[in-house]
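Here the protein sequences line up with chains A and B, keeping their order.
So the first sequence is numbered by our numbering: it starts at 80 and just counts up by one.
So the second sequence is numbered by our numbering: it starts at 2 and just counts up by one.
Beta carbons are placed, not taken as given, at the ideal position from N, Cα and C, and that holds for glycine.
As structure tokens, the structure follows; a few thoughts come after it.
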Amino acid sequence: MWSIAGRTSLRSASDPTLKWSNCVEKKSCYVCGKEALSKSEIGLTKKLLDKDSKRFYCFDCLAEYLEVDAEILLAKVEEFKKQGCKFF
Amino acid sequence: MIYADNAATTKISDRAFEQMLPFLREQYGNASGQYSLGIKAKHAIEQARKQVGAAIGAEPSEIIFTSGGSEANSWVLRNVAEFYRDEPLHIITSSIEHHSVLNSCRALEQIGVEITYLPVDSTGRVSIDVVKAAIKSNTKLVSIMLANNEIGTIQPITEIGQFLHEQGILFHTDAVQAVGHIPVDVRELRVDFLTASAHKFNGAKGTGFLYKRSGRELSPLVFGGKQELGRRAGTENVAGIVAAGYAIEESISEMDEIANRLREMVNATINGVKKRVPSVRVNGNMAHRLPGIVNLGFNGISGGSLMHLLDLKGVYVSTSSACASGNDEPSHVLLALGLNEQQARSAIRISYGKYNTPDEVKAIVAAVCDAYSKIKANQ
Numbered sequence: 080m081w082s083i084a085g086r087t088s089l090r091s092a093s094d095p096t097l098k099w100s101n102c103v104e105k106k107s108c109y110v111c112g113k114e115a116l117s118k119s120e121i122g123l124t125k126k127l128l129d130k131d132s133k134r135f136y137c138f139d140c141l142a143e144y145l146e147v148d149a150e151i152l153l154a155k156v157e158e159f160k161k162q163g164c165k166f167f
Numbered sequence: 002m003i004y005a006d007n008a009a010t011t012k013i014s015d016r017a018f019e020q021m022l023p024f025l026r027e028q029y030g031n032a033s034g035q036y037s038l039g040i041k042a043k044h045a046i047e048q049a050r051k052q053v054g055a056a057i058g059a060e061p062s063e064i065i066f067t068s069g070g071s072e073a074n075s076w077v078l079r080n081v082a083e084f085y086r087d088e089p090l091h092i093i094t095s096s097i098e099h100h101s102v103l104n105s106c107r108a109l110e111q112i113g114v115e116i117t118y119l120p121v122d123s124t125g126r127v128s129i130d131v132v133k134a135a136i137k138s139n140t141k142l143v144s145i146m147l148a149n150n151e152i153g154t155i156q157p158i159t160e161i162g163q164f165l166h167e168q169g170i171l172f173h174t175d176a177v178q179a180v181g182h183i184p185v186d187v188r189e190l191r192v193d194f195l196t197a198s199a200h201k202f203n204g205a206k207g208t209g210f211l212y213k214r215s216g217r218e219l220s221p222l223v224f225g226g227k228q229e230l231g232r233r234a235g236t237e238n239v240a241g242i243v244a245a246g247y248a249i250e251e252s253i254s255e256m257d258e259i260a261n262r263l264r265e266m267v268n269a270t271i272n273g274v275k276k277r278v279p280s281v282r283v284n285g286n287m288a289h290r291l292p293g294i295v296n297l298g299f300n301g302i303s304g305g306s307l308m309h310l311l312d313l314k315g316v317y318v319s320t321s322s323a324c325a326s327g328n329d330e331p332s333h334v335l336l337a338l339g340l341n342e343q344q345a346r347s348a349i350r351i352s353y354g355k356y357n358t359p360d361e362v363k364a365i366v367a368a369v370c371d372a373y374s375k376i377k378a379n380q
């Protein structure tokens, strides 16, 4: 019997339209409404607030919400990427 | 920056740093050298061995310097397995040990050693009765940590040591979190082996030690020269060893005063957070605990997220779960207390050290509560 994960990977291998990036639901910023948030913006919301978050933020609005500079958030994204975090 | 992760590592003390520096520059001789530069290095190592021995009630000849706690923990477990390799062997440990003990045990299981992982109560304490019940005719070693690194719970080592001594069973304790922070006397504890790490008591990273009771067997870890009582060959880390000696001496001399301060900081943290987050849970034992460690659980949020938000504000604490990849593994320690996976993922550990101040505690409490509110408000 195949596992769900097994079936997914087999389909992905044969169907290029089922790449992971294409499966990511389009998100918009909860505050300013900016559409099509980047994977880093979505990942940062998940990493810093809640991996099951229903609300997402663009970099600027997340920085304002958390009361930090946006540059700090961008630096954190790079750190998380280097750590191999799956959210990024 | 506010650093409150002293259970992970500490800032080297000024005295230890100043004492180690000459051995990196002017006094850089190899301690095996037969000329004065080498003899001075050798003398410095032996001085540190005396300082460490005196700090834990051991003879200098019972102290072997290592690279740290993990090396020493692994060494003891493998040593016993090697010594009894021709007979069935049973080792007992607890389910909340450091991974250097747990993973050594897992490796020994692969070669046929039977391991019993003792449960703990909801505060992280191992019961002497549970230890007694686990003993088998072929039990040769029990390894129980003196104090836990995540929750700070202190184990009844003296009681266990007395029992095991009467049974003629070897006893090892991982005292990495305890040495330099609470009184540790190897004679009183009745342990045969004890491990410690200098960077946990304001020494330098890369140096630790293993106490081996006189007369106990210990195979060499590294073959070669006669360094470290002929059991760990290789040129010694003279500077690190010197720092360890002065750091432990300093820690012992300041222990009571600092422990009192740390207890006040921990209490202020618990009370301060509880005022704003009444649902916060304190994990661990309130009576038998290290003075500077507090593990707090926040229902419904990720301890990892909390830790990252504090990081953004320049406040450094740790989370109990391992979450570098986004797949946060719940802490084996917190699961062993009976917490569910969500609860185990919701914890942070704040560990104060001698350089923390009451003002920093206030700032940490405010930062933790603010971060918690931000996360909850987003749900």
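- Looking from the CA of K276 of chain B, the closest CA among B:R290, B:G162, B:E63, B:V369 belongs to B:V369.
- About 6 Å separates the Cβ atoms of Y356 of chain B and K12 of chain B, confirming a contact at the 8 Å cut-off.
- Taking a C-beta cut-off of 9 Å against chain B, the contacting residues of the region 102-135 of chain A are Y109, G122, T124, K125, K126, L127, L128, D129, K130, D131, S132, K133, R134, listed in chain order.
- In this structure, the beta-carbon distance from G54 of chain B to S101 of chain B does not fall below 8 Å.
- For G125 of chain B, the number of other beta carbons within 10 angstroms of its own is at least 16, and it is reported as buried.
- I351 of chain B is classed as buried because its beta carbon has at least 16 other beta carbons within 10 Å across all chains shown.
- Closer than 9 Å at the C-beta level to chain B, one finds these residues of the region 145-156 of chain A: L145, E146, V147, I151, L152, K155.
- Taking a contact to require three or more Cβ pairs closer than 8 Å, the region 203-219 of chain B and the region 3-21 of chain B qualify as touching.
- With a cutoff of 8 Å on beta-carbon distance, Y353 of chain B and G285 of chain B are scored as not near each other.
- Listed along the chain, the chain A residues whose CB falls inside 7 Å of the CB of N379 of chain B are L128, D129, S132, R134.
- Listed in chain order, the non-local C-beta contacts of I65 of chain B below 7 Å within the same chain comprise F210, L211, K213, E229, L230, R232, R233, local neighbours out to five positions each way being set aside.
- For the C-beta of H309 of chain B, the chain A residues within less than 8 Å are, from N- to C-terminus, K126, L127, K155.
- Residue-level contact by beta carbon fails for I136 of chain B and chain A, as no gap is shorter than 8 Å.
- Ranked by how close their Cα comes to the Cα of P89 of chain B, the residues B:I116, B:A260, B:A42 have B:I116 in first place.
- Close CB contacts of L25 of chain B within its chain, under the 7 Å cut and outside five residues either way in sequence, are with A240 (chain order).
- As DSSP reads the structure, D6 of chain B sits in a beta bridge with B:S352.
- The three-state reading of DSSP puts I253 of chain B in helix, counting H, G and I together.
- Interface with chain A (8 Å Cβ-Cβ cutoff): K375 of chain B is included.
- With respect to chain A, the C-beta atom of S306 of chain B has a partner C-beta closer than 8 Å.
- Given a length threshold of 4 residues, each whole run of the alpha helix (DSSP H) inside the region 244-318 of chain B is given here in chain order: 304-313.
- Selection B:I3, B:I129, B:G153, B:E27 evaluated against A288 of chain B yields B:G153 as nearest (Cα-Cα).
- Counting along the chain, Y212 of chain B sits inside no alpha helix (DSSP H); it lies in the beta strand (DSSP E) bounded by residues 209-213.
- In this structure, the alpha-carbon of S215 of chain B lies about 54 Å from that of I376 of chain B.
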